[in-house]
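Numbering (the numbering used here) for the sequence shown: 257 to 407.
Contents: one structure, followed by commentary.
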Amino acid sequence: MQQKSDNVVSHYVFEAPVRIWHWLTVLCMAVLMVTGYFIGKPLPSVSGEATYLFYMGYIRLIHFSAGMVFTVVLLMRIYWAFVGNRYSRELFIVPVWRKSWWQGVWYEIRWYLFLAKRPSADIGHNPIAQAAMFGYFLMSVFMIITGFALY
Numbered sequence: 257m258q259q260k261s262d263n264v265v266s267h268y269v270f271e272a273p274v275r276i277w278h279w280l281t282v283l284c285m286a287v288l289m290v291t292g293y294f295i296g297k298p299l300p301s302v303s304g305e306a307t308y309l310f311y312m313g314y315i316r317l318i319h320f321s322a323g324m325v326f327t328v329v330l331l332m333r334i335y336w337a338f339v340g341n342r343y344s345r346e347l348f349i350v351p352v353w354r355k356s357w358w359q360g361v362w363y364e365i366r367w368y369l370f371l372a373k374r375p376s377a378d379i380g381h382n383p384i385a386q387a388a389m390f391g392y393f394l395m396s397v398f399m400i401i402t403g404f405a406l407y
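Okay, here's the thing in structure tokens:
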């Protein structure tokens, strides 16, 4: 029996700043979700001296701090879209005017519905992931603006 050997070529797609942005964003989002839940549904009140029982103040401080870090990290990611490699900016410019991009979208939909036999050979994000990440960035900007407005 013969074994088939594929020639694999590696591509350096996601640079270190993009990876750092990703994991800092994950951490900030987790902190923002947990502290946001407690801000919306506070813990039961406990009688005592506020100096020692300042839980909600600490929760709000952690929430605001995570929001500030989230903002700075997003601004750094936008900066990296200008100075990084071509894959670092593909999330900010979704080429909806290209026919090939729409063909990629429809091919990915067919692949997700098990109608295509092979996955597309995209390097970086596929067209649906590009559109989803672009939407994520728009929602992040909206969340930051509304968060600072409520601050």
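Where a beta carbon is used, it is the ideal one built from N, C-alpha and C, also for glycine.
Cβ neighbours of Val302 within its own chain (closer than 6 Å, five residues either side excluded): Leu309. In this model, Ile315 and Val265 are separated by some 48 Å (Cα to Cα). Per DSSP, Arg275 is one residue of the alpha helix (DSSP H) stretching across 272-296.
Exclusion of the five residues before and after Asn263 leaves no residue of its chain whose Cβ lies closer than 7 Å to its Cβ. At a Cβ-Cβ threshold of 8 Å, Gly360 and Val274 do not count as neighbours. When only Cα atoms are considered, Tyr407 and Ala387 end up about 30 Å apart.
The alpha carbon of Tyr343 has as its nearest neighbour, out of Leu369, Ser321, Met389, the alpha carbon of Met389.
Boundaries of the alpha helix (DSSP H) around Val397: 383-406.
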